[in-house]
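In order, the protein sequence lines correspond to chains A and B.
Everything in the first sequence is counted per this note's numbering, starting at 23 for the first residue and increasing by one.
Everything in the second sequence is counted per this note's numbering, starting at 305 for the first residue and increasing by one.
No residue lacks a Cβ here, since even glycine has one placed at the ideal position from N, Cα and C.
Take a look at the structure set out below.
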Amino acid sequence: MKVIEINGIEKTYDEKTVPVHAVNGIDLSFEQGEFVAIVGPSGSGKTTLLNIIGGLDKPNSGEIIISGTNIGALSSSKMIDFRLNNIGFVFQAYNLIPVLTAKENIEFIMDLQGRSKVEKDSRSLELLKSVGLNDRANSRPNKLSGGQQQRVAVARALASKPKFILADEPTANLDSKSTETLLEIMEKLNKEENITFIFSTHDARVVKKARRVITVEDGKVVSDEKC
Amino acid sequence: MKNTYSKLAWRNIWRNKRRTLITASSILFAVLFALVMRSYQLGIYKSMTDSVVKTYMGFIQVHAKDYWDEKTLDYLLETNEDFINKVSSVNNVSLIAPHFESIALVSAGLQTKVAVVMGIDPEKENRMSKLSEKIIHYKLDQDAEKQLTVSGFSEELIVKINESRKKSYTSKEDAEKKLTNIIGKENTKKYLDLILKRTKIEGDYLSKNDAGVLIGERLSGFLKLSVGDTLVLMGQGYHGASVAGKYPIRGIVRIPNPELDNLIIYLSLNECQKLYSAENMLTSISLNLKDPTEMENTQAEIISALHSDKYEVMTWKEMNKILVQQIESDNYSGLIMLWILYIIVGFGVFGTVLMMTTERKKEFGVMVALGLQKYNLGFIVFIELLILSFIGILAGIIISLPIIRYFVVNPIELTGSMADMMESFGIEPTLPFAWQFDYFLAQSSSVLIIILIAILFPLAKVFTINTMKSLRG
Ligand SMILES: Nc1ncnc2c1ncn2[C@@H]1O[C@H](COP(=O)(O)OP(=O)(O)OP(=O)(O)O)[C@@H](O)[C@H]1O
Ligand SMILES: [Mg+2]
Chain A
23 MKVIEINGIE
33 KTYDEKTVPV
43 HAVNGIDLSF
53 EQGEFVAIVG
63 PSGSGKTTLL
73 NIIGGLDKPN
83 SGEIIISGTN
93 IGALSSSKMI
103 DFRLNNIGFV
113 FQAYNLIPVL
123 TAKENIEFIM
133 DLQGRSKVEK
143 DSRSLELLKS
153 VGLNDRANSR
163 PNKLSGGQQQ
173 RVAVARALAS
183 KPKFILADEP
193 TANLDSKSTE
203 TLLEIMEKLN
213 KEENITFIFS
223 THDARVVKKA
233 RRVITVEDGK
243 VVSDEKC
Chain B
305 MKNTYSKLAW
315 RNIWRNKRRT
325 LITASSILFA
335 VLFALVMRSY
345 QLGIYKSMTD
355 SVVKTYMGFI
365 QVHAKDYWDE
375 KTLDYLLETN
385 EDFINKVSSV
395 NNVSLIAPHF
405 ESIALVSAGL
415 QTKVAVVMGI
425 DPEKENRMSK
435 LSEKIIHYKL
445 DQDAEKQLTV
455 SGFSEELIVK
465 INESRKKSYT
475 SKEDAEKKLT
485 NIIGKENTKK
495 YLDLILKRTK
505 IEGDYLSKND
515 AGVLIGERLS
525 GFLKLSVGDT
535 LVLMGQGYHG
545 ASVAGKYPIR
555 GIVRIPNPEL
565 DNLIIYLSLN
575 ECQKLYSAEN
585 MLTSISLNLK
595 DPTEMENTQA
605 EIISALHSDK
615 YEVMTWKEMN
625 KILVQQIESD
635 NYSGLIMLWI
645 LYIIVGFGVF
655 GTVLMMTTER
665 KKEFGVMVAL
675 GLQKYNLGFI
685 VFIELLILSF
695 IGILAGIIIS
705 LPIIRYFVVN
715 PIELTGSMAD
725 MMESFGIEPT
735 LPFAWQFDYF
745 LAQSSSVLII
755 ILIAILFPLA
765 KVFTINTMKS
775 LRG
């Protein structure tokens, strides 16, 4: 089943002197359950592409259709609700809410969705367990290691039961041990629960785990291989 | 959900404790300063008006027409039951004190001086101005000084009391309070009984048709008169004839208004009317009111009850335009000063809040990326700032209460040039604080409004946050 389809997107940053074509005509589509790495040199447009897919940024032209919805047509406030219910995010710098505990960070998303207390409670504990952090439920982010924070971030991204998860360089701030743990968890979730992951990375070990690798250069897709 | 918002707001307040403390305490000090300063200002106004209203003027006076402008005995009120009944029929009037006021020359021995002679109904006057409580019962004259030194009281302390110029006391409590300020608690405890014994002087209030007088302390000092001595009053009577009378002094009174203290002689109304050969005549009646805030309405009611252009009904404000103006302009400058303070605090709050929202921009961006609507984000930040403001305002109120209370109970007694200046304006040189709370709400809400204005811009930035930019920042 097709979850994302993007057609002819272009994004130009209008820097006063020279315009930068961050994304320069990309067509792609993603199926449910894919495990995709987006690679390419620095400045090639990976982050821009992910932001556009996630509805955080708008392309100058082209369309993005997620499960049948053309997100370019959504108002900014509708887009926020759409993101809440359909897209999970994992950021490079973890970006957990510092004043909330690990469990509360996960519950926050479900709060926004208006889930019941019982549901929040059981699902957040279940998710913490699946990322191996059930014993740290009540720790605030500053009491967790970078790897642990990123695992909470993955659990948080899953909390809303999104259609897919976007992760921009999720392992860039992690040591190799934590990188490995995180990837194992992501792979397990992908295999066992058929969750779609799309992540960008510079790390060859991370690329190796991917089952599809998309290479971008100068805002264009130069190769798209399944392995 | 709302629960989560308030949880976020509350925890964020305690996240940067130092900044919270700085912001809350700047609000606290603004409120504290405003309340203490206001209670000081209002206290002064109250004591100023009290010294006018309660000394003899009353809230409202009724005169014969043109008396107020001319102030001569050509314009007198004739007292009859009908007139008094009409005035007392007005509901808000609680007391009618008749006055016969005129100028006379007073002489004793070789000294002669101009005086204000005030004929009063002793009982009513006492209810109006507590005149009997102003009679001096203890006085440290040279005789008393000598006796005190003989009894072992140190000269040094006598010098101190002399320097303070508070050498006479109306009661034991008055003496205790003043002496504590001058010679300290210890000494007062030790010597109070001795001082009272050695400084006791005679002094009685007037009886109904008393043939004697009460005299202001300063005037008695000038004329070198004490209780039991006799003085002579000379003046011009009702029909222009010269009149004179001889009166023994029953008591010496201290009038808070120093100028008046240097002029006043009280006489029973009867004797006064006899002196000026103006039986049944008055210069004015002074009225006390049950509810002073209704003064203007009451004035109108009296005017319509009397229904005659023979009379003139004036409020104390109309009779003391200059004082009222002074109070008003002082009040305005006080308020302007407060608003300047508020604006300074407002800028402080603006700075810290802007810093806070800028620092947390990335976090805000993340929350919006995750699916939090911008208006809800703005709401969370607003709640956070509101709680913070309330903490500051509440703390300011709580801390100001005991401070104000302290100064209400222990008014600051001024000495030196400041005191001289105030006395020259006819005001008693103490700074009593007001113990009233109507201005608390006004000041607290002014502070709150300033805060709301100060956070408007940072908050607007939160409401319209650019998710992409914040995420990158
Ligand atoms: N907000 C912006 N304003 C101007 N130029 C931008 C902006 N965002 C990105 N760019 C430019 O667009 C191009 C693509 O940037 P992008 O961040 O997508 O690259 P990237 O592949 O994610 O790089 P990296 O691997 O370093 O993260 C770069 O040349 C970058 O300078
Ligand atoms: Mg990037």
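Examine chain B for any beta-carbon lying closer than 8 angstroms to the beta-carbon of residue i, and answer yes or no.
| i | result |
| --- | --- |
| A/S64 | no |
| A/S28 | Looking at the sequence provided, one finds Ile at residue 28 of chain A rather than Ser. So, not an interface residue. |
| A/F221 | no |
| A/L196 | no |
| A/R105 | yes |
| A/N212 | no |
| A/S146 | no |
| A/S99 | yes |
| A/N117 | yes |
| A/N160 | no |
| A/V121 | yes |
| A/F113 | yes |
| A/F130 | yes |
| A/L134 | yes |
| A/N73 | yes |
| A/I102 | yes |
| A/L150 | no |
| A/L78 | yes |
Quick one: does residue i have its CB under 8 angstroms from some CB of chain A?
| i | result |
| --- | --- |
| B/R315 | yes |
| B/E667 | yes |
| B/G675 | yes |
| B/L692 | no |
| B/V357 | no |
| B/L689 | no |
| B/V672 | yes |
| B/A319 | This sequence places Arg at residue 319 of chain B; Ala is not what is there. Chain A, which has a Cβ nearer than 8 angstroms to the Cβ of B/R319, makes this yes. |
| B/M660 | no |
| B/L312 | yes |
Can you tell me whether residue i is buried or exposed? The criterion is at least 16 other CB atoms within 10 Å of its CB, across all chains shown.
| i | result |
| --- | --- |
| B/Q603 | buried |
| A/N73 | buried |
| B/P562 | buried |
| A/M23 | exposed |
| B/E521 | buried |
| A/R105 | buried |
| B/H611 | exposed |
| B/V517 | buried |
| A/T218 | buried |
| B/M659 | exposed |
| B/G456 | exposed |
| B/S704 | buried |
| B/W318 | exposed |
| A/V25 | buried |
Measure how close the beta-carbons of residue i and residue j come, nearest whole angstrom, since I'm counting them as under 8 angstroms.
| i | j | result |
| --- | --- | --- |
| B/K471 | B/L500 | The Cβ separation is near 13 angstroms, so there is no contact. |
| A/G76 | A/I109 | 5 angstroms |
| B/V751 | B/I697 | 6 angstroms |
| B/Y344 | B/F744 | Contact flag wrong, Cβ pair sits at about 14 angstroms. |
| B/P859 | B/I589 | Nothing in the structure corresponds to residue 859 of chain B, since chain B is present only between 305 and 777. |
| A/V243 | A/L50 | 7 angstroms |
| B/F767 | B/K666 | Going by Cβ atoms, the distance from B/F767 to B/K666 rounds to 17 angstroms, so no, they are not a contact pair. |
| B/I487 | B/L461 | 5 angstroms |
| A/K125 | A/M132 | Actually they are not in contact, since the Cβ atoms of A/K125 and A/M132 sit about 11 angstroms apart, beyond 8 angstroms. |
| A/K231 | A/L205 | 5 angstroms |
For ligand 3, is there any heavy atom lying closer than 7 angstroms to the beta carbon of residue i?
| i | result |
| --- | --- |
| A/D133 | As far as ligands go, the structure on display features ligand 1 and ligand 2 and does not contain ligand 3. |
Is it true that the stretch 545-564 of chain B meets the stretch 437-452 of chain B, where meeting means three or more beta-carbon pairs spaced less than 8 angstroms apart?
yes
Any contact of the stretch 150-170 of chain A with the stretch 69-77 of chain A, i.e. 3+ C-beta pairs under 8 angstroms?
no
Any chance the stretch 205-216 of chain A sits against the stretch 48-57 of chain A, with 3 or more Cβ pairs inside 8 angstroms?
yes
Sequence-ordered residues whose beta carbon comes within less than 5 angstroms of a heavy atom of ligand 1:
A/Y35, A/V42, A/A44, A/S64, A/G65, A/S66, A/G67, A/K68, A/T69 and A/T70
For the stretch 564-576 of chain B against the stretch 508-522 of chain B, are there 3 or more C-beta pairs whose distance is under 8 angstroms?
yes
Is the number of C-beta pairs between the stretch 384-403 of chain B and the stretch 629-647 of chain B that are closer than 8 angstroms three or more?
At 8 angstroms Cβ cutoff, the stretches do not touch.
Under 8 angstroms, with one C-beta from each stretch per pair, do the stretch 418-437 of chain B and the stretch 623-630 of chain B reach the 3-pair mark?
no
Does the stretch 686-696 of chain B come close enough to the stretch 323-341 of chain B that 3 or more CB-CB pairs lie under 8 angstroms?
yes
Touching or not, the stretch 345-356 of chain B and the stretch 630-640 of chain B, by the rule of three or more beta carbon pairs under 8 angstroms?
The answer is yes - the stretch 630-640 of chain B touches the stretch 345-356 of chain B, with three or more Cβ pairs under 8 angstroms.
Does the structure place the stretch 538-548 of chain B close enough to the stretch 366-382 of chain B that three or more beta carbon pairs sit under 8 angstroms?
yes
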